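Working notes, beginning with the structure itself.
Protein chains in written order, with the working numbering: chain A, -2 to 400; chain B, 2 to 313.
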């Protein structure tokens, strides 16, 4: 174990002494985070690519129709959402699960009757787990709408009962009209608020979306992969500069040498993340629950370590790895959302993000930023560790030991 | 007693055979030379001895341990000085030596003490805290050697340790080899510089085409050539025709081109043969610029055995 630690520590020392590498691994992401967050501060708030939502009215009453009409009214929703009414709830549900719809809202049967009788009605919402930020915002808006409508109906019903006792209201139909009018007021008022909220920035941390937060995570993830590329270079240099031969001539096994090299790459990635994390925190970025962030970062660094071994294994020489590495890393960054949110991409290409380290990592980071806890990112951490193990195995299988 | 014993070593890379049935016996306490031109298979043979390459066939036993069965024991007994500078350029000499010492299991005070000793042997104590990248080629070679002997190996394998360095550093390295051997260390020294091997080594194996073509002391190897004198002639045109002209002179055993503009003639008696050789060459229109006569050396042995020069 001591020899493994010695190799790992030596590799960390070599990177710390390598100024060009440090500039790439730490200087570049810092500059890019600042530039992108200043230049693209409106990301996630744009007018393009409205998020598709389905509205299903199972109730079919005039109250439920009023709510469904309001939900599909583009003027009231604003440009971020594009809602359409449908009668096929199962088809809509499937689309949500496949990521073709961001969400569906169901007005359940008996919703109008509940409101007429002064009880609380609940709108059901199902959202795409692949778009946690937008879905979170939408769910909270619908839940708030549901509560406001119920509260207004209860108030109208109570008022009409009091008026009936005072003989001002003489029939149930008249009481129903009071409820309907109250719902109409709420729906009109609330949806205007929804539209403003969707286009602007909610104040609650749970729904905050900020370019500095986004690019802090996006660039950190991308440059951790570049760190892995430098790790691959270091491994390949050991071979071309004969130090690998000298290591293997010492009483140390190949497994120990590889473990030491992997430890070094992991240590460099950890240092890189901690520096970028501290810097972005210092300039005001919000990362969410620290334990979750560290868990995801650790898993991401493990995946990047696997990427380093795979690049070294398939690249064979530093020149080849230097040609392959940036292509792989930039493709993963583009597909995985390091440059622009996956939710802003065309629907057809969104699923590709799960093929990249960036996709799994950023999805988890954004969940944490939107207020989710550690438990919600455990599957992502597991996926990243799995990617790390698979890439490491591929790299070790392809690694050439002799010069 | 043989401290290193190679038995029937073979290494094939696909269709190519780099080492073809090498048998070597290196006695404890001797300096053993492995001589051969570039590509002869010396480095491949050494790589198998130190466990860097797995032999296709055969085995190496070092200090009683088989490289196949007990590689760690063999590696502990060996110190390696690779042909290239196998050091980390951005680390200081001190950091490099401490790293390599730890790889051989040294730690704490024992490591510090040994690092100080090898730095003294390398003559670089005052520059120990400078990065290797700032060193001259010769200084790098000295630290490269120091790193190989940190753990006091029983056998130090030095693969072409003087390639591409200045004469002063070369002399320092050769002197270091002598001192290490005097202290009891067995040394396997490979080179394609005939003079170094001839000066340093007690016994020598000559390799060519992956095989050991001769093995023995310097005197034993010289007897392979016979008693012929070696006449080296620098001429304005060294080619096949010049060789044939020289070889046709009575008393000449063989003539060959050893370098550009250089003929080597083996003659039974140089004092009688030299003048007729020069006359024959002059008559053939070949101008002789200088002449050197000497007794047979390892170069002559190699030429005798292979028909080509070590520098080919």
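Glycine included, every Cβ here is placed at the ideal spot set by N, Cα and C. The structure displayed is predicted, hence computed values, not measured ones.
For residue 53 (chain B), go through chain A and note every residue whose CB falls closer than 8 Å to its CB, in chain order.
-> 242, 245, 246, 399
Interface flag, residue 14 (chain A) vs chain B, CB-CB below 8 Å = yes
Does the separation of the CB atoms of residue 97 (chain A) and residue 344 (chain A) fall below 8 Å?
-> Yes, the pair counts as a contact, with Cβ atoms nearer than the cut-off.
Which of helix, strand or coil does DSSP assign to residue 173 (chain B)?
-> helix
Closer than 8 Å by beta-carbon distance: list the chain B residues that pair up with residue 267 (chain A), in chain order.
-> Going along chain B, no residue has its Cβ under 8 Å from residue 267 (chain A), so there is no contact; the nearest lies around 21 Å.
Does residue 326 (chain A) come within less than 8 Å of chain B when only Cβ atoms are used?
-> no
Local conformation of residue 7 (chain A) per DSSP, three classes | helix
How about residue 10 (chain A): is its C-beta nearer than 8 Å to some C-beta of chain B?
-> yes
Closest Cα partner of residue 313 (chain A) within the set A:395, A:301, A:95 = A:395
Which residues bound the alpha helix (DSSP H) around residue 84 (chain B)?
-> Counting along the chain, residue 84 (chain B) falls outside any alpha helix (DSSP H), and DSSP gives it neither H nor E.
Would a check of beta-carbon distances place residue 106 (chain B) closer than 8 Å to chain A?
-> yes
At what residue ranges does the region 47 to 104 of chain A contain a whole run of the beta strand (DSSP E), taking only runs of 3 or more?
-> 48 to 54, 78 to 82, 100 to 104
Ordered along the chain, which non-local residues of its own chain (more than five positions away) have a Cβ less than 7 Å from that of residue 334 (chain A)?
-> 215, 350, 355, 356, 359
Looking only at its own chain, which residues have a Cβ that is under 6 Å from the Cβ of residue 40 (chain A), when we skip the five neighbours before and after it?
-> The predicted model places residue 40 (chain A) with a pLDDT of 48, which falls under 50 and marks its position as unreliable, so this point remains unresolved.
Residue 216 (chain B) (DSSP reduced to helix, strand or coil) = Here residue 216 (chain B) sits in strand by DSSP.
Would you identify the three-state DSSP class for residue 35 (chain B), choosing helix, strand or coil?
-> strand
Chain-order list of residues whose beta-carbon lies under 7 Å from that of residue 195 (chain B) (same chain, five-residue window excluded) = Here the set comprises 36, 298, 299, 300, 311.
DSSP three-state assignment for residue 161 (chain B), whether helix, strand or coil | coil
What are the boundary residues of the beta strand (DSSP E) that residue 9 (chain B) is part of?
-> 3 to 14 is the extent of the beta strand (DSSP E) around residue 9 (chain B).
Are the region 93 to 108 of chain A and the region 56 to 68 of chain A touching by the rule of at least three beta carbon pairs closer than 8 Å?
-> yes
Pair within 8 Å by beta-carbon distance, residue 159 (chain B) and residue 188 (chain B) = yes
At a Cβ threshold of 8 Å, is residue 7 (chain A) touching chain B?
-> yes
Hey, is residue 249 (chain A)'s beta-carbon within less than 8 Å of any beta-carbon in chain B?
-> For residue 249 (chain A), the answer is yes, since a Cβ of chain B falls inside 8 Å of its Cβ.
Quick one: is residue 3 (chain A) near chain D, going by C-beta distance under 8 Å?
-> Judged by its chain identifiers, the structure shown contains no chain D, and its protein chains are A and B.
Under a CB-based cut-off of 8 Å, is residue 76 (chain B) close to chain A?
-> yes
Tell me whether residue 194 (chain A) is buried or exposed, calling it buried when 16 or more other Cβ atoms sit within 10 Å of its Cβ.
-> Residue placement at residue 194 (chain A) cannot be trusted, given a pLDDT of 39 that sits under 50; the coordinates are not used to answer.
Other residues of its chain near residue 201 (chain A): CB distance less than 6 Å, five sequence neighbours each side excluded = Confidence in residue 201 (chain A) is poor, its pLDDT being 32 and thus under 50, which makes the residue's placement unreliable; the coordinate value appears in the next sentence. Result list for residue 201 (chain A): empty, nothing under 6 Å.
DSSP beta-bridge partners for residue 326 (chain B)?
-> Limits of chain B in this structure are 2 at one end and 313 at the other, which puts residue 326 (chain B) out of reach.
Given a threshold of 16 other Cβ atoms within 10 Å of its Cβ, counted over all protein chains shown, does residue 305 (chain B) qualify as buried or as exposed?
-> buried
Using a Cβ cut-off of 8 Å (strictly closer), state whether residue 87 (chain B) contacts chain A.
-> yes
Can you grab the Cα-Cα spacing for the pair residue 190 (chain A) / residue 326 (chain A), in whole Å?
-> The pLDDT assigned to residue 190 (chain A) is 36, lower than 50, so where the model puts this residue is not dependable; a value taken from the coordinates is nonetheless given after this. Approximately 41 Å between the Cα atoms of the pair.
If you draw a straight line from the alpha carbon of residue 346 (chain A) to that of residue 339 (chain A), how long is it in whole angstroms?
-> Those two C-alpha atoms are separated by around 9 Å.
How close, in whole Å, do the beta carbons of residue 328 (chain A) and residue 393 (chain A) come, if the pair is a contact with beta carbons under 8 Å?
-> Not confirmed; about 23 Å, so no contact.
Would you check whether the ligand SAM has a heavy atom nearer than 7 Å to the C-beta of residue 373 (chain A)?
-> The ligand SAM is absent from the structure shown, which contains no ligands of any kind.
Interface partners of residue 0 (chain A) on chain B, CB under 9 Å = Chain-ordered, the chain B residues with CB closer than 9 Å to the CB of residue 0 (chain A) read 103, 104, 106.
DSSP bridge partner residues for residue 190 (chain B) (one or two, in chain order) = B:34, B:159
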